[in-house]
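Residue numbers (this note's numbering), protein chains in the order written: chain A, 1 to 291; chain B, 1001 to 1318; chain C, 2001 to 2271.
Just so you know, even glycine gets a beta-carbon here, dropped at the ideal spot from N, CA and C.
Here the structure is a predicted model, which is why all the values come from computation and not from measurement.
Scroll down for the structure; my scribbles are underneath it.
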Amino acid sequence: MQEILQYLFSGITNGAIYAVIAVGFSMLYNSTELINFAHGEFVMLGGLGIVTLWGGSLLPLPAAFVLTVIGVAFVGFLLERVALRKVSRSQPIVLVIITIGASIFLRGIGMLIWGKDAHAIPSFTKLSPMDVFGAKLMPQSILILAIVLLVVVGLHLFYRKTLTGKAMQACAINEKAAWLSGIPSDQMVLLAFFLSAGIGAIAGIIIAPITMCGYDMGILLGLKGFCAAMLGGLGSLWGSLVGGLLLGISESLGVGYVSSSLKDAIAFLVLLLILYIRPTGILGIKEAKRF
Amino acid sequence: MKPECFKNRLYYGIFLPVIAVSGFVIDSPYYLQVLTFIGINTLLTIGLNMLMGYAGQISLGHAAFYGIGAYTTTILTVHFDFSPWAALPCTLVVTGMVAFLVGLPMLKLTGYYLGMGTLGFGMIVYVLFREWSHVTGGSSGMVGIPSLSLGPVSFSDSRNYFYLVWMIVLVCIVFCQRLIQSRVGRALRSISDSENAAKALGVDTKDLKLKIFILSALFAAMAGFLYAHLVTFISPGSFDFMVSIRMVTMVVIGGMASIWGALLGASVLTLLPECLHAFADFEMVVYGLILMLIMIFMPRGLTRGLMDIYERSVSKQI
Amino acid sequence: MSAPCLNRFEKPPLLRADSISKAFGGVQALLNVSFEVSEGTILGIIGPNGAGKTTLFNVITSAYPPDSGQLFLDRKKIQNRKVHELVRLGIARTFQNVELFENMTALENVMVGQYTQTRCGIFAAAARLPWAVAEEKQAREEAMALLSFVGIAQYAENRSGNLPFGWQRLLEIARALAAKPRLLLLDEPAAGLNAVETRRLGNLIERIRHQGVTILLVEHDMNLTMTICDRIIVLNYGKILAHGTPEEIQSNPAVMAAYLGTSEVSPLIYD
C-alpha cells in the first residue's frame, strides 16, 4: 500500500509535468495544426532560465518566474515570426523540419549559454515532506499539481470565456471563414506560439527543482509531452491532462514493478496499445491531419 | 524523348562518373569512409522516401529497422559464427518479419498519430538494444564484427568497401525508379494524393502501404548490415530517436518524392556535420540554422530549390 | 419484392437494391429504398438537396454499410465488402468534388484506373520482366485510347491538377472507365460545367452506355437527366417518391410538390 502510493505520487508528479508540456503541444496544434518539435527546447529554456535568474539569486522567485515565462514566450513568438511565417503555406512536414532545425539551434544556444553541465536548484518551498499512509508526499509535488491545474483551467476559461480565445478556436476550425469574419488569423497564430512557448517554460520551471537541468533535457521531455498529447488526443486540453497523468503513472509503476531501465519502453508500449485501441487518442475526436 | 527522361539520364551521367572517379582519385581512408557513409545514408533515405515521399506515410522510428539490420547480422556473425553473406538473407528476413508485424497494426494510424506510433516503436527497439545486454551487449555495444570479403577481394580496404556500397546504392536507385514508373508505383503515388479515390479504383491501399513499409524497412536493414560490417562495432546510440529524425530530415531536405533528392539530402546532411567540426561549440547552432534556412528558402527541398534557382537564372539571361 | 423498374422482357437487373435503410444519428438518410437497374440502361437519381442521393451512392460503393437491406450485383451480395473489392466486381465511380491524383499526369491517372486490370507486382516491375513490359505498353495504349474517347488525349502528359475543371471531370470518367466497370456511378458529373460542356458530357455518357456499361447518375441538371436517362428515381427525405421514365416523372404531381413546395403544376424543365 505504502509502496504503491509512493509510486503513484511520483507518477502523478511526473505526469503533471508531462501534461503541461502536452498542453503546449496541443494548444499549438489546435491553432496551427502543427507539431512543434522545438517545444521541448522551450521547456529547457524555462528550466535553465529559472536556474540562472532565481538559482543564481538575481531575482526573487515570483519575478524570476514571470520574467522566464515571458522571455521564453518571446522566443516562441520569434520562431513563428522569423522562421515559420514565411512558409506557412507549405506542406506540414516542411514546417515540422523547420521546428526540428529550430530545436537543434536552441539546444546549441542553450549549450553556449549554460555549458554542457547540468544544474540544480533547491525546492521552491522550505516545507518538509508530508506523510500520507507512510508514503512521502513532497510539497513540490503539490505545488506542481496546483500549477498544472491552474494552467489547464486557465486555458479552458480562455477558450470558453474570452473573445480572443474563441477567435483562436475559430481560426483553428476554419481559417478562411475566420478571416472572412474579420479575425486576424496571423496574429492568432502568433499568439498561439507565444502562449504555447510560455506554457512550455512553466513546465521547465516547475521541473527544475526535482531534476537536473541541462541543455539537452528538452529532447526527452519534449518527446514525453508529445507522447502524452497523442495519448489524450491531439488538440484536446483535458486529453493532454489525462494523457500526461496516464503516462507518468504507467512509467513510475513500470519503474517500481518491472525495471527502471525499461522505463521508457514501458511508457511507449502503453502508448502503442492505446493507439491500437483508439487510433486518435483517448479523448481525440477529429482526425489528425496528414504530415 | 520526354524531358523527365532526359533529366534522369543526365543525373546518371553525373552520378556514375563522380562515383567512379572519386573512388579512384581519393586516397585518404577518412574521406572514403565519409563517402561510404553517404552511400549508407542514401540507402536509408531512398527507402524512407518510398514510404514518405511516394506513399505519404510518415515514420519517425525508421532507425529501429536500421538497428535491427545491424544487430541481427552482428549477433549472427559474432555469437553464432555465421559468415556475413549467410547472415545477410537472415537479416533481411528478420527485419521484414518485424516490419510486417509492426506495420500491420500501425498503418491504420494516420498523420501525426502514425508518426507517434512509429516513434514509440523506435524507442522500444532502442531500449531493447540498450537493456537486453546478454544478447546485444547493452549500452556498450558489440565489437569484433567480421569485415566482408568475397573470394580474393577483401572489403576491409576502404576503397573496395566504397565501391561495394555504391554498387548497392546504384542497384537500389534503379530498383526504385523502375518501381515508381510501374503499376505499383502509380498506385503508391495515388495514395498520397487521394486515398479515397485510390480505393475507389480498386487499389488495396492497406495492403500496398504495408508492402512499401516492409520494403523501406528492408532498405534500412541493408544499410544496417553495411554499416555494421563497415565499422565492425555497434552500440545502441547509433540507432536512437535522433537518427530516425535525421533520416526524415534527409528525405525532406533532399526533396520528397524524388530519388535523386534522397541522394542529395543524404549527401548534404552527412557532409554538413563533417564540415561544421571547425565551428567547435557553435556546431549545433550552425547546423540548426542551416537546416532552417534550407527549409525556409527551399520548402520543396534542395533538388527542386536548386532547379528553380537554375531555371530562374537561365530565364533572366534570355 | 416487386420489381418496380424491371420490364419483364429485358435481361435480369444488374444492380438490385432491396429496402436499403441508413440513419446518421437521428437523421434517417435512407428508408426502405428499393430499386433495380437493368444492364445497359441509364438510371437517374434526382431529388432536392439532402434527399439522400449521395448517401445512396456511398452505400452502393461501400463507403459505409447500410443499417439494413441488401444490395446485389448480378445476384451477388455486395454490401459490406471493402471498397477496393467492388471495383473487381465491376463497379466504378466518380466523385462529386473531383478527386484526381493531382500530382500525376492525366495519362497516369487513367493508368491507376487500370490497377485491377493489370497484375505487375513490385519485383516484376523492378526486374522489368518481358511480360510486365508488354503489359505496361498495352496499358499505356489503352489509357491513351480512353483519353481520346473522352476527348482529352492531347493533354495526356499534363499534370492533372493543372487541367481546367471541365477536363478534370472528363479525366475522372476516363479513369473510372479504365477499370472496365459493368456499372458506372457518376456523382453530379455536370456540376460546375457550362452549357456546352454539359451537352458534350451528355453525349459522352450516351456513348459509354452504347459500349454496354450500365450507368447510375446523380445529377442536378434536369435537362441532362431528362434527356439521357432511361428511368429516373426521385428521392425525397430518404424515401423513393417516384420512379419511372423521364416523361412520367415530369408529369408526376408528387415530384413537383417536392421540388417546388406547392401542388401547382408547372413544368420541371425551365428552358
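Contact list for residue 2214 (chain C) against chain B, beta-carbon separation under 9 Å: In chain order: nothing, as chain B lies at least about 17 Å away.
Which listed residue (A:217, A:179, A:75) has its alpha carbon closest to that of residue 48 (chain A): That would be A:217, whose Cα lies nearest to the Cα of residue 48 (chain A).
Buried or exposed by the 16-neighbour rule on C-beta atoms within 10 Å, applied to residue 240 (chain A): By the 10 Å Cβ count, residue 240 (chain A) comes out buried.
Partners in chain B for residue 2093 (chain C), counting only beta-carbon separations shorter than 8 Å: Those are 1200, listed as they occur along chain B.
For residue 2072 (chain C), the first and last residue of its enclosing beta strand (DSSP E): Residue 2072 (chain C) -> beta strand (DSSP E) spans 2068-2073.
Own chain, CB closer than 6 Å to residue 2096 (chain C), minus 5 neighbours either side, in chain order: For residue 2096 (chain C), where only same-chain residues beyond five positions count, the Cβ hits under 6 Å are 2187, 2188.
Beta-carbon proximity list for residue 2113 (chain C), same chain, < 6 Å, skipping 5 on both sides: Excluding positions up to five away in sequence, the list reads 2175, 2178, 2179.
Coil, strand or helix - residue 2008 (chain C) by DSSP: For residue 2008 (chain C), the predicted structure reports a pLDDT of 47, less than 50, and the residue's modelled location is therefore unreliable. A value from the coordinates is still provided. Residue 2008 (chain C): coil per DSSP, three-state reduction.
Beta-carbon proximity check, residue 979 (chain B) vs residue 1100 (chain B), cutoff 8 Å: This structure leaves residue 979 (chain B) out entirely; chain B is present only between 1001 and 1318.
Beta-carbon neighbours of residue 1211 (chain B), restricted to chain C and to distances below 8 Å: Within 8 Å Cβ-Cβ: 2122.
Interfacial residues, the stretch 2054-2072 of chain C to chain B, with Cβ spacing under 9 Å: Residues passing the 9 Å Cβ filter: 2061, 2063.
Beta-bridge pairing of residue 2159 (chain C) - partner residues as DSSP gives them: The partner list for residue 2159 (chain C) (beta bridge, DSSP) reads C:2105.
Through-space distance from residue 1106 (chain B) to residue 2101 (chain C), alpha-carbon basis: Using only the alpha carbons, I get a separation of about 25 Å.
Where residue 2152 (chain C) falls: helix, strand or coil (DSSP): The answer is coil: DSSP assigns residue 2152 (chain C) none of H, G, I, E or B.
Proximity test, Cβ basis, 8 Å: residue 1220 (chain B) and chain C: Not a single CB atom of chain C sits nearer than 8 Å to the CB of residue 1220 (chain B).
Which listed residue (C:2056, C:2012, C:2023) has its alpha carbon closest to that of residue 2240 (chain C): Among C:2056, C:2012, C:2023, the Cα nearest to that of residue 2240 (chain C) is on C:2056.
Limits of the unbroken beta strand (DSSP E) element including residue 1109 (chain B): First-last for residue 1109 (chain B): undefined, no H or E at that position.
Short CB-CB distance (under 8 Å) between residue 1100 (chain B) and chain C: Closer than 8 Å: no.
Beta-carbon spacing of residue 2089 (chain C), residue 2107 (chain C) below 8 Å: No. Outside cutoff.
Rounded Cβ spacing between residue 1241 (chain B) and residue 1126 (chain B) (contact assumed at less than 8 Å): That belief holds up - the Cβ atoms of residue 1241 (chain B) and residue 1126 (chain B) are roughly 7 Å apart, short of 8 Å.
Sequence-distant residues of its chain with Cβ nearer than 6 Å to residue 2062 (chain C) (five each side left out): Excluding positions up to five away in sequence, the list reads 2081, 2083, 2086.
Among C:2104, C:2164, C:2184, nearest to residue 1180 (chain B) - alpha-carbon criterion: Measuring from the Cα of residue 1180 (chain B), the nearest candidate turns out to be C:2104.
Residue 1069 (chain B) beta carbon less than 8 Å from that of residue 1225 (chain B): In this structure, residue 1069 (chain B) lies closer than 8 Å to residue 1225 (chain B) by Cβ.
Cβ pair residue 1301 (chain B), residue 1261 (chain B) closer than 8 Å: A contact, by the Cβ cut-off of 8 Å.
Through-space distance from residue 62 (chain A) to residue 1142 (chain B), alpha-carbon basis: The alpha-carbon atoms of residue 1142 (chain B) and residue 62 (chain A) are separated by roughly 50 Å.
Residue 126 (chain A) (DSSP reduced to helix, strand or coil): Coil, per DSSP.
Residues that residue 160 (chain A) contacts on chain B, provided the C-beta gap is smaller than 8 Å: Under the 8 Å cutoff, chain B gives no residues; its nearest Cβ is about 25 Å from residue 160 (chain A).
Local conformation of residue 2003 (chain C) per DSSP, three classes: Its pLDDT being 44, under 50, residue 2003 (chain C) is placed unreliably in this model, and the value from its coordinates should be taken loosely. Taken through DSSP and simplified to helix, strand or coil, residue 2003 (chain C) comes out as coil.
Distance, residue 1297 (chain B) Cα to residue 1308 (chain B) Cα: The straight-line gap from Cα to Cα measures roughly 11 Å.
Sub-8 Å separation of residue 1131 (chain B) and residue 261 (chain A) beta-carbons: Cβ distance < 8 Å, so residue 1131 (chain B) and residue 261 (chain A) count as in contact.
Interface flag, residue 2115 (chain C) vs chain B, CB-CB below 8 Å: By this cut-off, residue 2115 (chain C) is an interface position.
Per-residue burial, residue 161 (chain A) [other beta carbons within 10 Å of its own, 16 or more giving buried]: So residue 161 (chain A) ends up on the exposed side.
4 or more residues per run - each alpha helix (DSSP H) lying fully within the stretch 1259-1301 of chain B: Counting only unbroken stretches of 4 or more residues, the alpha helix (DSSP H) elements lying wholly within the stretch 1259-1301 of chain B are 1259-1276, 1283-1297, in sequence order.
Three CB pairs or more closer than 8 Å across the stretch 1086-1101 of chain B and the stretch 1032-1050 of chain B: Because the criterion of three Cβ pairs below 8 Å is not met, the stretch 1086-1101 of chain B and the stretch 1032-1050 of chain B do not touch.
Residue 1142 (chain B) in three-state terms, based on DSSP: Looking at residue 1142 (chain B) - three-state DSSP - the assignment turns out to be strand.
Residue nearest to residue 282 (chain A) in terms of C-alpha spacing, selected from A:233, A:266, A:270: Of the candidates A:233, A:266, A:270, the one whose C-alpha sits nearest the C-alpha of residue 282 (chain A) is A:233.
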